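Novice: Just so you know, the numbering used here puts the end of the sequence shown at 424, numbered straight through with nothing missing. Backbone N, C-alpha and C fix where the C-beta goes; we use that ideal spot for every residue, glycine too. These numbers come from a predicted model, not from an experiment.
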Amino acid sequence: MMPIARQPLPQPNPSAASLAPSQQQSPPPHGDNYRKKILVMGLSRSGKTSIHKVVFEHVPPNKSFFLEPTTRLVKRDVDTSLVAFQLWECPEGYNLEKEGLSLAEFSTLLFVMDIQDNYHYPILELVKLIEMAYQENSKINIEIFVHKAEALSGEYKNENFRQIQQRLVDELLDISGDFEDFPLNFYLTSVFDQSIFDALSRVVMRLVDQLPTVENLLELLCTNSGIQKAFLFDMRTLLYIATNNSLVDSETHELCCDYVKLLMQFSDLYKNLKYEPTPNDPAPPSKPPQSPSGASRTVSFDSVTFSPLSPILPPSHGLPSADNTGTSSGPSSTAGSSSDGAGKWWASSSAPLTRHSTLAYWQMDEHVCLVALARSSTYEQSRSLIEYNVTIFRQGLQQVIARELERRVPEKPPATPMPSRVHSGATEVRVGAGTGAGKASKLR
Ligand SMILES: Nc1nc2c(ncn2[C@@H]2O[C@H](COP(=O)(O)OP(=O)(O)OP(=O)(O)O)[C@@H](O)[C@H]2O)c(=O)[nH]1
Ligand SMILES: [Mg+2]
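#1: For D97, does the three-state DSSP call read helix, strand or coil?
#2: Buried or exposed for I155, going by 16 or more other Cβ atoms inside 10 Å?
#3: Under three-state DSSP, which class holds D238?
#4: Measuring from the CB of V194, is there a heavy atom of ligand 1 at a distance below 7 Å?
#5: In three-state DSSP terms, what is R15?
#6: Is the beta carbon of V351 less than 8 Å from the beta carbon of F213?
#7: List the whole-angstrom C-beta distance separating S181 from E130, where the pair is believed to meet the contact cut-off of C-beta under 8 Å.
#8: Roughly how many angstroms lie between the CA atoms of E85 and G73, to the nearest whole one?
#9: Using the rule of at least 16 other Cβ atoms within 10 Å of the residue's Cβ for burial, across every protein chain shown, is D158 buried or exposed?
#10: Report the partner residues of P332 according to the DSSP bridge assignment.
#11: Tell me whether H347 sits in a helix, a strand or coil according to DSSP, three-state version.
#12: Going by DSSP in three states, N224 sits in which element: helix, strand or coil?
#13: Can you tell me which of H127, E151, Y136, V126 puts its alpha carbon nearest to the alpha carbon of I110?
#14: Go ahead and pull the three-state DSSP assignment for Q190.
#15: Is I207 closer than 8 Å to P163 when the C-beta atoms are compared?
#16: Taking only three categories from DSSP, how would you classify Y74?
#17: In the DSSP output, what is F125 paired with across the bridge?
#18: Short of 6 Å in beta carbon distance, which residues of its chain neighbour R186, apart from the five on each side in sequence? Order them along the chain.
#19: Got a sec? Which residues, its chain only, sit under 6 Å from C202 by beta carbon, not counting five neighbours each side?
#20: Rank L377, Y239, G376, R374 by C-alpha distance to the C-alpha of A340 and give the top, closest one.
#21: Could you please give the first and the last residue of the uninterrupted beta strand (DSSP E) stretch that includes A64?
#22: Is any heavy atom in ligand 1 found nearer than 7 Å to the beta carbon of E105?
#23: Sort C349, F141, N117 by Cα distance to Q375 and report the nearest one.
#24: Could you give the residue range of the beta strand (DSSP E) that holds K55?
#25: Going by C-alpha to C-alpha distance, which of F246, F177, R216, P40 sits closest to H233?
The structure is reproduced here in structure tokens:
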């Protein structure tokens, strides 16, 4: 097996060229036009509202049994650090044309169908929508959640999933061969497990304009630090907003997600602590540590620029401080904080899963954290290097986030629910800042 090259990432180049063209060129949008719109459709009782409640409002899945049917168009805003979007949940039979809506307004069509239902009717509905999308907005992302998947057992579930995909493709090809290359994304989902978070993460990631930049940074971090898998989580929603190139397996995703949830449970304990620097605080890495392999390879960080950073995190909060020296031994968990080099402190933590693998967590800003899985031996031996690389990565990421936030004009916090500004009979609800997700920001 090829040894993994572990290198310090170079210091960012402040004069380097900046972000992806879409952000450089587009003028700041007005109102909430910057929000990407996701149209959520599907038959009644397929699970559309439950998905929203469980993921974005942190309602326990079993509380979704008693949800009232949605009888009008409902719009809900969701903010993550890298993309802001609006979910439009339509009741069954909602006629877009009659309401004067075009699919050209939407970035994504999300269709939810119950895996246990007779899928003849939902497939006919979906075919009509895809035909419409083909004419009005062929760039729209079509995401199909085959939902309530936990209700069926393994083989039967997979067979139903396969049949639904086949049937839909057959129906489309009967209409026109042009649909052969029309991209459709299918997911097996359930609010009772991690699958809904995984699926929605992928749906939302496609809306992030700066995804290539962030993925590139993450890939550089992983390859140069010997990290096997890394996720950037939005702590308000627990969706991952970027991951490195290696495949996402559901077990690793669940482990990483559970680790973030666990750490968030402690956040309230420390929310009133004020940071006062002490001489014993670990110093921020200012120079690249020696690479274990001794080799040097240039990695360019030219795709982002860097500027002073803002939020402050108190250091160790009385928890055992993270060993930043690379000399720690033995499989014990650590929690603490590290400086970003600009006098700001962010939470960090690590926990060995087995003798061979370690999970590590670093807060990136108030709402974003990085969770990485690495071999324990790599993590122990290259700890200083990894901490240094994470610091550099954080600077790059914060710059990308700052650019994204600059594009959004300040909004007055709307009350919930409030009347629609666009179409009669619609309700608009804002989630994110005021929900239980807000807790995440207190992990400082
Ligand atoms: N078994 C199972 N039931 C689910 C799941 N998601 C939602 N449900 C149940 O499905 C039922 C309908 O859920 P809703 O979220 O109200 O469905 P909806 O699509 O919003 O329905 P309308 O508002 O009438 O269009 C509820 O009893 C939910 O508890 C799931 O993943 N698994
Ligand atoms: Mg509903």
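Specialist: Checking against the coordinates, here is how it stands:
#1: coil
#2: exposed
#3: helix
#4: no
#5: coil
#6: yes
#7: Not a contact, Cβ separation roughly 18 Å.
#8: 19 Å
#9: exposed
#10: T338
#11: coil
#12: coil
#13: E151
#14: coil
#15: no
#16: coil
#17: V92, Y167
#18: N121
#19: A210, N224
#20: Y239
#21: 64 to 69
#22: no
#23: C349
#24: 54 to 59
#25: F177
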